[in-house]
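**Student:**
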Ligand code: GUN
C-alpha cells in the first residue's frame with residue numbers, strides 16, 4: 026500500500042487564506058489590523074528562522090507584526106518589563122515569546138506574565154486550564170494544527186484508538202486532551218506513551234491514528250505501525266545539508282518505510298510544521314476579536 030500524503034503545506038495555505046479574510050474583517054470593523062508582537066531573545070539560528078517564518082506569514086495575511094529583538098544577555102527583569110509593556114499596549118493584540126529562552130531566564134514565569142487574552146501560543150496556564158475544562162480559549166498551535174489536518178483530511182477520530190508518543194507540555198499532553206474531548210471532532214480513546222513506556226512498539230501497533238511527538242529522529246519504524254493506520258509526524262530534525270546547502274530534515278517517523286504501511290501520513294518537512302504557523306495567525310486574529 027502507498028499512503029495518502031497529508032499535505033500540511035496545502036492545508037495550512039487553506040487555513041491562512043480563511044484567516045486572512047477574518048483579519049481583513051477585523052481591520053475593517055475597528056480600523057486597525059490584528060497585531061502580533063514577536064519577541065526573540067538571542068541569536069539561536071533555528072529560532073531566528075522560525076521567527077522569520079512567523080513574521081512573513083503575518084505580513085502575507087494582513088496581520089501587523091512588531092519585532093522585539095533583544096540580546097541573549099538581556100536581564101530577566103528587562104524581559105518582564107518588555108512583556109508588561111506589550112500587555113499594556115492597546116496596539117498589540119497578541120504576544121509570542123520565542124522558545125527556547127537563554128538559560129538565565131525562567132521561561133515558565135515569563136510566559137505566565139503574558140496576559141491570557143494576548144497569549145498567541147496558548148501556553149499560559151489559564152488557557153491550558155480552560156482547554157482542559159472545554160472552555161473558550163486560545164489553543165496551543167501545534168496540537169491545534171494536528172486537529173485541523175485530521176479534520177480537513179476527513180480522518181475520523183470518533184471511537185478510534187489514538188496513540189501519541191511524547192508527553193511534552195506543548196504537544197503530547199494538550200493533544201491527548203483535545204483528542205479525548207467529548208466532541209464530534211475528537212471522541213478518541215487516547216494512549217499517551219513516553220520515555221518510561223514499556224514496549225512502545227506494542228502500543229503503537231494498536232493505533233488507528235499514531236502521532237509521533239517524541240523529539241527523536243525516526244523513532245517510529247514501519248514495524249510499529251498497524252497496516253492502514255494514519256500517521257502524523259510532529260518531529261523535525263536536521264540530519265545534514267542538501268546539495269543546495271539547505272538543511273536536510275527528517276521527522277520522528279521513518280517516512281520511507283512507514284508510507285508503505287500507513288494509509289495516510291504527514292511528511293517532514295511540509296506536514297505539521299506549516300500548520301503551527303497557520304494556527305498562530307488564527308490565535309492572533311481571535312485575540313484581536315476579543
Ligand atoms: N519554539 C519552537 N516552537 C515554538 C512555538 O510553537 N512557540 C514558541 N513560542 N517557541 C517555539
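Numbering (the numbering used here), first residue to last: 26 to 315.
Idealized CB from N, CA, C, for every residue including glycine.
Would residue 104 pass as a contact of residue 135 if the rule is Cβ separation under 9 Å?
**Tutor:** What you label residue 104 is simply residue 79 of the chain shown in a count that begins at 1. What you label residue 135 is simply residue 110 of the chain shown in a count that begins at 1. Yes, these two residues count as a Cβ contact at 9 Å.
**Student:** May I ask you to verify whether the stretch 148-168 touches the stretch 193-211, counting CB pairs closer than 8 Å and requiring at least 3?
**Tutor:** yes
**Student:** Does DSSP put residue 120 in a helix, in a strand, or in coil?
**Tutor:** As a working mapping, residue 120 is identified with position 95 in the chain shown. Reduced to three states, the DSSP call for residue 120 is strand.
**Student:** For chain C, check one thing: does any of its Cβ atoms lie closer than 9 Å to the Cβ of residue 291?
**Tutor:** Given the protein chain composition of this structure (a single chain), no chain C is represented.
**Student:** How about residue 125: is its Cβ closer than 8 Å to a heavy atom in ligand 1?
**Tutor:** In the chain shown, counting from the first residue as 1, residue 125 sits at position 100. Indeed, a heavy atom of ligand 1 lies less than 8 Å from the Cβ.
**Student:** If we count Cβ pairs, one from each stretch, closer than 8 Å, do we get three or more for the stretch 270-288 versus the stretch 219-230?
**Tutor:** no
**Student:** Within 10 angstroms of the Cβ of residue 258, are there 16 or more other Cβ atoms? Answer buried if so, exposed if not.
**Tutor:** Reading the chain shown from its first residue, position 233 is the one you call residue 258. Here residue 258 is buried. Its C-beta has 16 or more other C-beta atoms within 10 Å.
**Student:** Just the C-alpha distance for residue 195 and residue 239, rounded to the nearest angstrom, thanks.
**Tutor:** For the purposes of this step, residue 195 is taken as residue 170 along the chain shown, with counting starting at 1. For the purposes of this step, residue 239 is taken as residue 214 along the chain shown, with counting starting at 1. Rounded to whole angstroms, residue 195 to residue 239 spans 12 Å at the Cα level.
**Student:** For the putative contact between residue 39 and residue 177, defined by C-beta atoms under 8 Å, what is the C-beta separation to the nearest angstrom?
**Tutor:** Sequence index remark: in the chain shown, residue 39 carries index 14 (1-based). Sequence index remark: in the chain shown, residue 177 carries index 152 (1-based). Confirmed, about 7 Å.
**Student:** Count the other C-beta atoms from every protein chain shown that fall within 10 angstroms of the C-beta of residue 131, then say buried if there are 16 or more, exposed otherwise.
**Tutor:** By 1-based counting over the chain shown, the position of residue 131 is 106. That one is exposed.
**Student:** Going by the C-beta, is residue 121 closer than 8 Å to any heavy atom of ligand 1?
**Tutor:** Looking up residue 121 in the chain shown gives position 96. Within the cutoff, so yes.
**Student:** Mark residue 109 as exposed unless 16 or more other C-beta atoms lie within 10 angstroms of its C-beta, in which case mark it buried.
**Tutor:** Translated into positions along the chain shown, residue 109 becomes position 84. The residue in question, residue 109, is exposed, as its Cβ has fewer than 16 Cβ neighbours within 10 Å.
**Student:** Nearest to residue 233 by CA position, among 181, 304 and 224, is which residue?
**Tutor:** Along the chain shown, one-based indexing puts residue 233 at 208. Residue 181 holds the alpha-carbon nearest to the alpha-carbon of residue 233 among 181, 304 and 224.
**Student:** Using three-state DSSP, classify residue 134 as helix, strand or coil.
**Tutor:** Locating residue 134 in the chain shown gives position 109, where the first residue counts as 1. If DSSP states are grouped into helix, strand and coil, residue 134 belongs with the helices.
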